[in-house]
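J.: Protein sequences, first through last, are from chains B and H. Under the working numbering, think of the first position of the first sequence as 2, with each following residue one higher. Under the working numbering, think of the first position of the second sequence as 2, with each following residue one higher.
Protein chains: 2
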Amino acid sequence: MKKAVVLVSGGLDSATTLALAQEQGYACYALSFDYGQRHRCELDAARKVAEAAGVIEHKIITLNLDNIGGSALTDTAIPVPQQATEGIPVTYVPARNTVFLALALGWAEVLEAEAIFIGVNAVDYSGYPDCRPEFIEAFANMAQLATKAGVEGRPIRIETPLIHLSKAEIIQQGSRLDVDYANTISCYDPDTEGRACGRCDSCRLRAAGFEASGIADPTRYQPGVN
Amino acid sequence: MKKAVVLVSGGLDSATTLALAQEQGYACYALSFDYGQRHRCELDAARKVAEAAGVIEHKIITLNLDNIGGSALTDTAIPVPQQATEGIPVTYVPARNTVFLALALGWAEVLEAEAIFIGVNAVDYSGYPDCRPEFIEAFANMAQLATKAGVEGRPIRIETPLIHLSKAEIIQQGSRLDVDYANTISCYDPDTEGRACGRCDSCRLRAAGFEASGIADPTRYQPGVN
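Encoded structure:
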């Protein structure tokens, strides 16, 4: 059976990506990161998503990116914006997808996997440079040169099944495949009980996606959020 | 003053690279990894090298690559070869330089550094795919697309001052810049006191380099090694 490493963050997009990889017939190996993110409940969500999907293995790599700082998602001194901002937002984590894909590449090589799945999206997204198709293509090109597998003629593909979908289309795909979105969390600033703020960029994209999809939104919000 | 992130492993090549970056006028930020390598004394060597050079900061990122396995350098179940082998050797750590450069990229972006220095070498090397110039070029291309700095027109350069030097030339460059090679360790299989085995690929390249350079070899070998 063909194998894939799937990056699972605990969010809506990666849960859908995992379901799509399984639909394509891959034996899936889920990979998550404990990178000092302020929203630690993401990891609990990632565990629930991986378990519900019945992955072969779920690995969580610890990585102290908070040590590097530079992002509202890892540095508690930088507040998470509550409104849309111009340009690349402060929630951008420097080189995050490059680091995650690099580690996925290492594991994929050990597993002799054919593909890495990542739920990046260039439609309803926050404007991060490392979510764009041109970045993914450059990463795949680099990966072929970087690895023993690539040099020996078995390049590991980088699959991005969500890249051109709207948030509503992503939710419709996941619902079709019985993804339980109640297991997922998208909020950049959840409370200690994992309830969403309803105001950050990620919450707004998620809520608008459910609204447009016609599918009921199972998100648990903090008290007082409409 | 222009800034650079320099990957410092504790080996001879990265110690020389650090000295060359300083000679070029960079304020240097050393980056090392605790990645479950079996030769942990590398990290002590990295600390000595960074301190002797007087870097601005030395960061050690913990990364459980042993969890991924697949290499004699991180998996104690795979023995380190004591003779030269054909093709890419088992000491290759899957996607290691990709992972290290990705993390250096994140830190470089936060520091607003202009360059990342890495001591890869395509002459006297072990045949790893991620030490070749074409890999470095593909990484730099990917990095420009991955980062906020790249998108905003300030791409971070990947500098490889050793890439076309022989091991003897590297040692001559370092000696010219007063690098104390007694601080460094190259062996893939040192003993608990950090003494070199004298037989692994890396020991053989190092010893031949000192021999050809005409510079005295300060390497401490295990008892019984000629």
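All C-beta atoms, glycine included, are put in the ideal place defined by N, C-alpha and C. These numbers were taken from a predicted model, which means no experiment stands behind them.
Between residue 156 (chain B) and chain H, is there a C-beta pair that is closer than 8 Å?
T.: No, no contact with chain H.
J.: Could you tell me which residues DSSP puts in a beta bridge with residue 61 (chain B)?
T.: Note: residue 61 (chain B) sits in a beta bridge opposite B:33.
J.: Out of B:103, B:49, B:181, B:114, which one is the CA nearest neighbour of residue 64 (chain H)?
T.: Among B:103, B:49, B:181, B:114, the Cα nearest to that of residue 64 (chain H) is on B:103.
J.: Pull up the DSSP beta-bridge partners for residue 1 (chain B), would you.
T.: Residue 1 (chain B) falls outside the range modelled here, since chain B spans only 2 to 227, and no answer is possible.
J.: Could you compute how far the alpha carbon of residue 122 (chain B) sits from the alpha carbon of residue 137 (chain H)?
T.: If you take the alpha carbons of residue 122 (chain B) and residue 137 (chain H), they lie about 27 Å apart.
J.: Can you tell me which of B:224, B:189, B:194, B:226 puts its alpha carbon nearest to the alpha carbon of residue 13 (chain B)?
T.: Nearest C-alpha to residue 13 (chain B): B:189.
J.: Enumerate in chain order the residues of its own chain whose CB-to-CB distance from residue 226 (chain B) is below 6 Å, with the five nearest sequence positions on each side excluded.
T.: Excluding positions up to five away in sequence, the list reads 199.
J.: Between the C-alpha atoms of residue 111 (chain B) and residue 97 (chain H), what's the straight-line distance to the nearest angstrom?
T.: Whole-angstrom Cα-Cα distance: 12 Å.
J.: Name the chain H residues that come within less than 9 Å of residue 100 (chain B), Cβ to Cβ?
T.: Under the 9 Å cutoff, chain H gives 100, 103, 104, 106, 107.
J.: Return helix, strand or coil for residue 183 (chain H), following the three-state DSSP convention.
T.: If DSSP states are grouped into helix, strand and coil, residue 183 (chain H) belongs with the helices.
J.: If you draw a straight line from the C-alpha of residue 143 (chain H) to the C-alpha of residue 51 (chain B), how long is it?
T.: In a straight line, the C-alpha of residue 143 (chain H) is about 29 Å away from that of residue 51 (chain B).
J.: Under 8 Å, Cβ to Cβ, is there at least one residue of chain B near residue 139 (chain H)?
T.: So, interface residue.
J.: Whose CA, out of B:206, B:5, B:176, lies closest to the CA of residue 187 (chain B)?
T.: Ranking the options by Cα distance to residue 187 (chain B), first place goes to B:206.
J.: Residues of chain B with CB under 8 Å from residue 63 (chain H), in chain order?
T.: By Cβ distance, chain B contributes 63, 64, 65.
J.: Would you call the CB atoms of residue 178 (chain B) and residue 24 (chain B) closer than 8 Å?
T.: Contact flag set, yes.
J.: Round the Cβ separation of residue 115 (chain B) and residue 3 (chain B) to the nearest angstrom and send it over; I've been treating them as touching at under 8 Å.
T.: That belief holds up - the Cβ atoms of residue 115 (chain B) and residue 3 (chain B) are roughly 5 Å apart, short of 8 Å.
J.: On the CB-based measure, 16 or more other CB atoms within 10 Å of its CB, does residue 224 (chain B) come out buried or exposed?
T.: So residue 224 (chain B) counts as exposed.
J.: Any C-beta of chain B sitting closer than 8 Å to the C-beta of residue 122 (chain H)?
T.: No, its Cβ sits nowhere closer than 8 Å to a Cβ of chain B.
J.: Here's the rule: buried if 16 or more other CB atoms are within 10 angstroms of the residue's CB, otherwise exposed. What is residue 193 (chain H)?
T.: Residue 193 (chain H) should be labelled exposed.
J.: Does the distance from the C-beta atom of residue 8 (chain H) to that of residue 105 (chain H) stay below 8 Å?
T.: For residue 8 (chain H) and residue 105 (chain H), yes; Cβs fall inside 8 Å.
J.: Measuring CB to CB, does residue 59 (chain H) end up less than 8 Å from residue 41 (chain H)?
T.: Going by C-beta atoms, residue 59 (chain H) is not nearer than 8 Å to residue 41 (chain H).
J.: Would you please state the rounded distance, in angstroms, between the beta carbons of residue 216 (chain B) and residue 174 (chain B)? I believe it to be under 8 Å.
T.: Going by Cβ atoms, the distance from residue 216 (chain B) to residue 174 (chain B) rounds to 11 Å, so no, they are not a contact pair.
J.: Taking the alpha-carbon positions, what's the residue 57 (chain H) to residue 34 (chain B) distance?
T.: Approximately 29 Å, taken between the alpha carbons.
J.: Between the alpha carbons of residue 195 (chain B) and residue 180 (chain B), how many angstroms are there, rounded?
T.: Approximately 19 Å between the Cα atoms of the pair.
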